[in-house]
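Enquirer: Residue numbers (this note's numbering), protein chains in the order written: chain A, 2 to 300; chain B, 2 to 300.
For glycine and all other residues, C-beta sits at the position ideal for the given N, C-alpha and C.
Before we start, here is the structure in question, set down as structure tokens.
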């Protein structure tokens, strides 16, 4: 599906990351009352790979979507991801003190402010998706809110976290583990792809193909996360390594072993590529590059 | 503004409460994974005055709004209210063990599940506002999400809670106290009214009048809450009485004294009534009755 124009992921990614960082910095307001804005910005800015926003942008471009909608959707997804990390790090959850190489939000601002900052980031995500004026049509606003709410809620990320919580110290088989991760991390990654797709016109061939692509990279992301948890050090990861094993959490590595986990990640990359090939979309090279990045990353 | 048909608040309220309870029970799903649905239902069902949903329904009827949109908006607002109570009761916030006469969610299900249930309830609120199909037009879906996100977020409820957090043990003057409550409880009450209004056609006369009405009852609600915190007992309130004083939190009673607080609540009721009279709407009797209920309630 080469369009004849050479595609370089580095410059593509750099340009889009700059757009995303600027938009996040503009929209995550410092002036929110009583230190709340400061905690929200700390949770969101200057950190993270921005994988989910890049997936939104890549999917939107593949379907020739509305760029104004795409940048809002990209930021909204990142706010949901950021809030989930803030809450997940809290003492009553994972009790983690290090995130992206910095003290976690509750360590820096206190637990109460961390709780509120997470809550406010979730609300802000939906606010970003519903601007007044003509820039994003109401049909797109509604579709984006619908996709994000489902990906974040009890049938998505929050549901997966509940399974995760209930699984500590229990043996899960491979199917249960896949179900947990399909929700916990997969739903929001797949949701990012589908939100990008929702920035364009409905396409009965491309949409299901992108859904398969999103599901495959969502699962691959977690498989690779589990591999890195045992093979990388905390410094490379920017967070505490080995914590799943320390918490006696089931992982792909604990269920499948390291080598089969690596093979599985490559199989999922093939699935994602196959879905793109069948999508009928002209240029899916950014999506292809992002899938490879998910599987071959070292942090 | 009598339409000639006698209006009785009791039957009006009972019929709408039944609709709301049934809808909440249908939409707050028990099947969410790993006990999450159970915690969500516990947080939402069988309790509460449902003031916010009733405000949505009353405002929607006053503007002859779309009933399908109104019942979704009513439930969405209640889910936001319910999630805020779950998080607010947690040990890192108010550390309250009793709510609506029952153990709080974190006491019953543990802190981690309470945190997740609150997060999932916020997402579910936006999911309810964005159904597929034709029952709620996309323009209404987008407007309702916009209003709810703003009312719940850093410029609304969450922002007010941050001010509240920062105010413990500090002296606030009346203006600061009003600003705190305008956000903390007022934004969602006013938001309920505006969401009801958004279920109808835009009306340049009624909308600002309903906004003034919503702001007045939002403030009145908090003034009365502060009065009840010192005059009622825990059994009548269904929650721990006297806790603001115990936490050294500034209240209307501590700033204005009890008698001036009571007078102020009546003045706000007058403001709300005046706004309804100027709205140009034919039948605002349910809204009028709800304003009186807010000011004259004993729990």
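1) What is the DSSP secondary structure of residue 205 of chain A, counted as helix, strand or coil?
2) Please classify residue 46 of chain B: does DSSP put it in a helix, a strand, or coil?
3) Beta carbon of residue 183 of chain A, beta carbon of residue 154 of chain A: below 8 Å?
4) Short of 6 Å in beta carbon distance, which residues of its chain neighbour residue 125 of chain A, apart from the five on each side in sequence? Order them along the chain.
5) What residue does the alpha helix (DSSP H) around residue 377 of chain B start on, and which one ends it?
6) Identify the contact partners of residue 116 of chain A in chain B, using a Cβ-Cβ distance below 8 Å as the criterion.
7) For a contact defined as C-beta to C-beta under 7 Å, what are the partners of residue 175 of chain B on chain A?
8) Distance cutoff 8 Å, beta carbons only. Does residue 254 of chain A sit that close to anything in chain B?
9) Only counting the same chain, and skipping five residues up and downstream in sequence, which positions put a Cβ closer than 7 Å to that of residue 55 of chain A?
10) If you drop the 5 nearest sequence neighbours on each side, which residues of the same chain put their C-beta closer than 7 Å to that of residue 288 of chain A?
11) Going by beta carbon distance, what residues of the same chain come within less than 8 Å of residue 40 of chain B, once the five residues before and after it are set aside?
12) Using only the alpha-carbon positions, how far apart do residue 38 of chain B and residue 139 of chain A sit?
13) Could you check if residue 111 of chain A belongs to the surroundings of the ligand GTP, using beta carbon to heavy atom distance under 7 Å?
14) In the structure shown, what three-state DSSP assignment does residue 104 of chain B receive?
15) Using C-beta distances below 6 Å, list every residue in its chain close to residue 206 of chain B, excluding the 5 sequence neighbours before and after it, in chain order.
16) Can you find the residues in the same chain that come closer than 6 Å, C-beta to C-beta, to residue 193 of chain A, ignoring five residues on each side of it along the sequence?
17) For residue 295 of chain A, which option in A:262, A:224, A:264, A:250 has the closest C-alpha, if you only look at C-alpha atoms?
18) State buried or exposed for residue 6 of chain B, treating a residue as buried only when at least 16 other CB atoms are found within 10 Å of its CB.
19) In whole angstroms, give me the CA-to-CA distance for residue 186 of chain A and residue 162 of chain B.
20) Using 8 Å as the limit for Cβ to Cβ distance, is residue 260 of chain A near chain B?
21) Going by other Cβ atoms of all chains shown within 10 Å of its Cβ, with 16 needed for buried, is residue 228 of chain B buried or exposed?
22) By how many angstroms is the C-alpha of residue 222 of chain A removed from the C-alpha of residue 231 of chain A?
23) Whole angstroms is fine: what's the gap from residue 191 of chain B's alpha carbon to residue 104 of chain B's?
24) Roughly how many angstroms lie between the CA atoms of residue 264 of chain B and residue 181 of chain A, to the nearest whole one?
25) Secondary structure at residue 15 of chain A, three-state DSSP: helix, strand or coil?
26) Give me the DSSP bridge partner(s) of residue 99 of chain A.
27) Tell me which residues share the same chain as residue 2 of chain A and place their Cβ nearer than 7 Å to its Cβ, disregarding the 5 neighbours each side in the sequence.
28) Excluding sequence positions up to five away, which residues of its chain have a Cβ less than 8 Å from the Cβ of residue 23 of chain B?
29) Would you mind giving the Cβ-Cβ distance between residue 143 of chain B and residue 217 of chain B, rounded to the nearest angstrom? I have them listed as a contact below 8 Å.
30) Near residue 10 of chain A, what residues of its chain come up, given a Cβ to Cβ distance below 6 Å and the 5 sequence neighbours on each side ignored?
31) Just checking: is the beta-carbon of residue 98 of chain B within a distance shorter than 8 Å of some beta-carbon in chain E?
32) For my contact list, residue 66 of chain A and residue 197 of chain A are in at a C-beta cut-off of 8 Å; report their separation, rounded to the angstrom.
33) Is the distance from the Cβ of residue 20 of chain A to the Cβ of residue 72 of chain A below 8 Å?
34) In the DSSP assignment, the alpha helix (DSSP H) including residue 76 of chain B goes from what residue to what residue?
35) What is the DSSP secondary structure of residue 297 of chain B, reduced to helix, strand or coil?
36) Identify whether residue 37 of chain A lies in helix, strand or coil by the three-state DSSP scheme.
Expert: From the atom records:
1) Translated into positions along the first chain, residue 205 of chain A becomes position 204. Reduced to three states, the DSSP call for residue 205 of chain A is coil.
2) Taking the second chain and counting its residues from 1, the one referred to as residue 46 of chain B is at position 45. The answer is coil: DSSP assigns residue 46 of chain B none of H, G, I, E or B.
3) Counted from its first residue, the first chain places residue 183 of chain A at position 182. Counted from its first residue, the first chain places residue 154 of chain A at position 153. Cβ distance not < 8 Å, so residue 183 of chain A and residue 154 of chain A don't count as in contact.
4) In the first chain, residue 125 of chain A corresponds to position 124, counting from 1. These residues qualify, in order along the chain: 80.
5) Any property of residue 377 of chain B remains undetermined from this structure, which presents chain B solely from 2 to 300.
6) Taking the first chain and counting its residues from 1, the one referred to as residue 116 of chain A is at position 115. Neighbours of residue 116 of chain A on chain B, chain order: 88, 91, 93, 94, 116.
7) In the second chain, residue 175 of chain B corresponds to position 174, counting from 1. The contacting residues do not exist; residue 175 of chain B stays about 17 Å from chain A at best.
8) Within the first chain, the letter at position 253 stands for residue 254 of chain A. False, the Cβ-Cβ gap to chain B never drops below 8 Å.
9) By one-based count along the first chain, residue 55 of chain A stands at place 54. Contacts found: 14, 17, 291.
10) Translated into the one-based positions of the first chain, residue 288 of chain A becomes position 287. By the criterion of a C-beta distance shorter than 7 Å, residue 288 of chain A is surrounded in its chain by 59, 60, 63, 214, 277, once the five residues flanking it on both sides are discounted.
11) Locating residue 40 of chain B in the second chain gives position 39, where the first residue counts as 1. For residue 40 of chain B, where only same-chain residues beyond five positions count, the Cβ hits under 8 Å are 106, 109, 110, 114, 115, 117, 118.
12) Within the second chain, the letter at position 37 stands for residue 38 of chain B. Within the first chain, the letter at position 138 stands for residue 139 of chain A. Going by the C-alpha atoms only, they are around 31 Å apart.
13) Only the bare structure without any ligand can be found here, which leaves the ligand GTP out of the picture.
14) One-based indexing of the second chain puts residue 104 of chain B at position 103. Residue state, collapsed to three classes: strand.
15) Residue numbering aside, residue 206 of chain B sits at position 205 when the second chain is read from its first letter. Only 281 meet the Cβ criterion.
16) Taking the first chain and counting its residues from 1, the one referred to as residue 193 of chain A is at position 192. Answer for residue 193 of chain A: 53, 56, 57, 78, listed in chain order.
17) On the first chain, position 294 is the one that residue 295 of chain A refers to. Looking at the Cα atoms, A:224 is the closest of the given residues.
18) The residue you call residue 6 of chain B lines up with position 5 of the second chain. Burial call: exposed.
19) The count along the first chain starts at 1 and reaches residue 186 of chain A at position 185. The count along the second chain starts at 1 and reaches residue 162 of chain B at position 161. Those two C-alpha atoms are separated by around 29 Å.
20) Position 259 of the first chain, counted from the first residue, corresponds to residue 260 of chain A. Judged by the 8 Å Cβ criterion, residue 260 of chain A is not in contact with chain B.
21) Residue numbering aside, residue 228 of chain B sits at position 227 when the second chain is read from its first letter. Buried, since its Cβ has 16 or more Cβ neighbours within 10 Å.
22) Numbered from its first residue, the first chain carries residue 231 of chain A at position 230. Numbered from its first residue, the first chain carries residue 222 of chain A at position 221. Approximately 15 Å, taken between the alpha carbons.
23) Here residue 191 of chain B is taken as the residue at index 190 of the second chain, counted from 1. Here residue 104 of chain B is taken as the residue at index 103 of the second chain, counted from 1. Each residue's alpha carbon lies about 29 Å from the other.
24) Within the second chain, numbered from 1, the residue matching residue 264 of chain B stands at position 263. Within the first chain, numbered from 1, the residue matching residue 181 of chain A stands at position 180. Cα-Cα distance, rounded: 55 Å.
25) For the purposes of this step, residue 15 of chain A is taken as the residue at position 14 of the first chain. In the structure shown, residue 15 of chain A sits in a helix (DSSP, three-state: H, G or I).
26) Locating residue 99 of chain A in the first chain gives position 98, counting from the first residue. A:104, per the DSSP bridge assignment.
27) Locating residue 2 of chain A in the first chain gives position 1, where the first residue counts as 1. Only weak support is given to the placement of residue 2 of chain A: the predicted model assigns it a pLDDT of 49, under 50, and the value that follows is read from those uncertain coordinates. Hits under 7 Å: 283, 284, 285.
28) For the purposes of this step, residue 23 of chain B is identified with residue 22 of the second chain, where counting begins at 1. Cβ neighbours of residue 23 of chain B within its own chain (closer than 8 Å, five residues either side excluded): none.
29) Reading the second chain from its first residue, position 142 is the one you call residue 143 of chain B. Reading the second chain from its first residue, position 216 is the one you call residue 217 of chain B. The Cβ separation is near 27 Å, so there is no contact.
30) The sequence position of residue 10 of chain A within the first chain is 9, counting from 1. Closer than 6 Å at Cβ, skipping near neighbours: 290.
31) No chain E appears in the structure shown, which is made up of the protein chains A and B.
32) Here residue 66 of chain A refers to the residue found at position 65 of the first chain. Here residue 197 of chain A refers to the residue found at position 196 of the first chain. Confirmed, Cβ separation roughly 6 Å.
33) For this step, residue 20 of chain A is matched to residue 19 along the first chain. For this step, residue 72 of chain A is matched to residue 71 along the first chain. For residue 20 of chain A and residue 72 of chain A, yes; Cβs fall inside 8 Å.
34) Here residue 76 of chain B is taken as the residue at index 75 of the second chain, counted from 1. Segment 68-89, the alpha helix (DSSP H) holding residue 76 of chain B.
35) Your numbering for residue 297 of chain B matches position 296 in the second chain. Looking at residue 297 of chain B - three-state DSSP - the assignment turns out to be helix.
36) Within the first chain, the letter at position 36 stands for residue 37 of chain A. Helix, per DSSP.
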